[in-house]
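Input: a single structure, listed below in structure tokens.
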DNA sequence: TAGTGAGAGGTTTTT
DNA sequence: CCTCTCACTA
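In this note's numbering, the protein residues as written are 13 to 682.
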């Protein structure tokens, strides 16, 4: 039978558009932005105006008369989605802010809150972060008696990682174990047992971890045809940003969402795939056309971000990638200086140089928040942070440990969690041992009593727990929590009361509580945004707070700050001047990636991502790090630090960079 | 059974 | 460097 598609969505020729798309966009961008139906793949090089194109497409769809509510924008962070919607709204009008957008995880949360029953969950499920997931696994592991006799049993983090990888790559556990953890292949049955119990535990307690959000959304769409059709008809125009960093499961979800109409646009760059540790596979982007027959492909190759000298270098970096990439970026922006290359600094010198140079750039009129220092791993910036503090240079740091993962924040949120869901055993086991006299054993016992009582707090003051050292505290806890559960108290008020209750325990528990105090205030300020406890708790997991939102006192909100960021967190952003520090083999690429070719390849792409963030100035710094690092270049007990292989492998480096050196014993070296 | 202190082992990146 | 484990004491 011949299938004939009615193209009712196309704009009629007469329609007046308020935005002049042809003038604002280059021909490729125009094609991408105004192509309405069918599968479309946009390969967008770094700085090629990818975000701009997406924003114009949102505007174009809306101007074409398409209901904004039927547009779904899946992005890598929620911030990115909000930013795009905001910009689209400012270009056109408020209709654009009715577009649905967010991460795969937040979208899954949104859908599952409605349809959880269809996959065997209550809509009241709790979402747990990685730390909580590991705690559950640990509990199960101890229950099963694994590990106490066998020294070579993987840690909770590793077990979680194996299970998660299997999920995200849609592979069986044994495959993941063989491929990534051959040393644990022998205990496959044990891990399978833990994985099974973990799954059951979560189901029984109404808990979902990050992966479950995707798993159950996928299952819902796959097994419930009616619901799938309904959802697919609701979201008739789907856009997926950063498609190179989606994993197999997310790709399948995308396909299911588009199953009724095939209107899906994927945007991405195969040379910027940096999330394989999370199961992402850049081949996803290559496979897109076969997943969606009839795909139109557009390639954006003109770079509007960086000067030519910077682009010459970044092209040279990616040139060494083993996989062939389909494009070569060009730029018409002239720039005076080549990227600066500075070798053989001590770590202190590196920090001093960065700080001093940043101040000079600011003198030239570049605001601090247009300057960034990028690094492979969060702790690489430690020395620099010290230097910045000494010099009084304000900065925000992105990446690394999240604010919400700090112990004292988790404590406070655990109180909130038991208020929301008294069956949340994991939260109880965090709250209870804060009290003197309660250790793991009693915490488990008391938590179990509450769960058995169906969540009745009366269990806390049961006869079992009277006349104990901790009875009085437990009674106070009971009173405080009962009070908090009364209806009509806002999350911020609840949090305020929790903090009052928590403070005496907090000051005993943490020697450094003074350093942590401010965080509680920050959390309190943030909680004001929320109407419901469910919302607050969900957001803390799905959108953990990071540098930008923490410790911002109203007074210094306007103060511009230097940006320190892991490269992963710098994705999609750009700065006038960029410093990449710690370009030393073993640090970047990181030592644990060196043994595997595909991981080294990913690290190179990571370096590429870092370097392509720069608009005008790029500084590459290679400090001399004698200590630390683990063994790769170890000889006679000393480590010889080598510049990153990604620098060393560039053949005509001397043509591409300007060499600088620190002049010793001169008061004004620059 | 809670709380402490020594020692060892693994060390990234994020929703 | 920081977290986890284990063993010891109260």
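Note that beta-carbon positions come from the ideal geometry of N, C-alpha and C, so glycine has one too. Predicted model, so just to flag it, every value in this text is computed and none were measured.
Using only the alpha-carbon positions, how far apart do residue i and residue j sit?
i           : j           : result
residue 32  : residue 418 : 49 Å
residue 126 : residue 266 : 19 Å
residue 667 : residue 676 : 26 Å
residue 399 : residue 138 : 41 Å
residue 294 : residue 543 : 39 Å
residue 428 : residue 496 : 9 Å
residue 382 : residue 373 : 10 Å
residue 169 : residue 291 : 16 Å
residue 643 : residue 605 : Unreliable positioning characterises residue 643 in this predicted model, as indicated by a pLDDT of 41, which lies under 50. A coordinate reading is not provided.
residue 514 : residue 424 : 7 Å
residue 299 : residue 440 : 46 Å
residue 434 : residue 247 : 36 Å
residue 754 : residue 325 : In this structure the chain extends from 13 to 682, so residue 754 is not present and cannot be described.
residue 621 : residue 502 : 42 Å
residue 473 : residue 483 : 8 Å
residue 459 : residue 187 : 37 Å
residue 556 : residue 531 : 14 Å
residue 672 : residue 346 : 21 Å
residue 403 : residue 367 : 8 Å
residue 173 : residue 152 : 15 Å
residue 533 : residue 509 : 12 Å
residue 645 : residue 251 : The pLDDT assigned to residue 645 is 38, lower than 50, so where the model puts this residue is not dependable; a value taken from the coordinates is nonetheless given after this. Taking the straight line from one Cα to the other gives about 45 Å.
residue 491 : residue 528 : 26 Å
residue 467 : residue 175 : 30 Å
For residue i, list the residues DSSP reports as bridge partners.
i           : result
residue 409 : 576
residue 633 : 354
residue 655 : 596
residue 672 : 354
residue 250 : 84 and 276
residue 220 : 139
residue 602 : 598 and 599
residue 666 : For residue 666, which the question treats as bridged, DSSP gives no partner whatsoever.
residue 590 : 384 and 630
residue 342 : 314
Taking 8 Å as the threshold (C-beta atoms), are residue j and residue i in contact?
i           : j           : result
residue 578 : residue 389 : yes
residue 185 : residue 230 : no
residue 592 : residue 396 : no
residue 655 : residue 634 : yes
residue 65  : residue 41  : yes
residue 536 : residue 511 : yes
residue 11  : residue 442 : The requested residue 11 is not part of the displayed model; the chain covers only 13 to 682.
residue 110 : residue 77  : no
residue 631 : residue 352 : yes
residue 219 : residue 140 : yes
residue 409 : residue 449 : no
residue 312 : residue 56  : yes
residue 148 : residue 213 : yes
residue 375 : residue 674 : no
residue 69  : residue 44  : yes
residue 315 : residue 225 : no
residue 117 : residue 554 : yes
Taking the continuous alpha helix (DSSP H) assigned at residue i, which residues delimit it?
i           : result
residue 58  : Premise fails: residue 58 is in no alpha helix (DSSP H) and is neither H nor E.
residue 206 : 200-217
residue 143 : 142-155
residue 35  : 33-36
residue 373 : 359-375
residue 179 : 168-181
residue 430 : 419-432
residue 46  : 39-46
residue 312 : No alpha helix (DSSP H) contains residue 312, which is instead part of the beta strand (DSSP E) from 308-312.
residue 440 : 437-443
residue 98  : 90-103
residue 186 : 185-192
residue 263 : 260-269
residue 612 : 609-623
residue 399 : 394-403
residue 490 : 483-496
residue 328 : 320-331
At a cut-off of 7 Å, is residue i close to the ligand COA when judged by its beta-carbon and the heavy atoms of the ligand?
i           : result
residue 614 : This structure does not include the ligand COA; it has no bound ligands of any sort.
In the DSSP assignment, the beta strand (DSSP E) including residue i goes from what residue to what residue?
i           : result
residue 112 : 112-114
residue 384 : 383-387
residue 469 : Residue 469 -> no beta strand (DSSP E), and no H or E assigned at all.
Extract the residue ranges of the alpha helix (DSSP H) inside the stretch 509-547, only unbroken runs of 4 or more that lie entirely within it.
525-539
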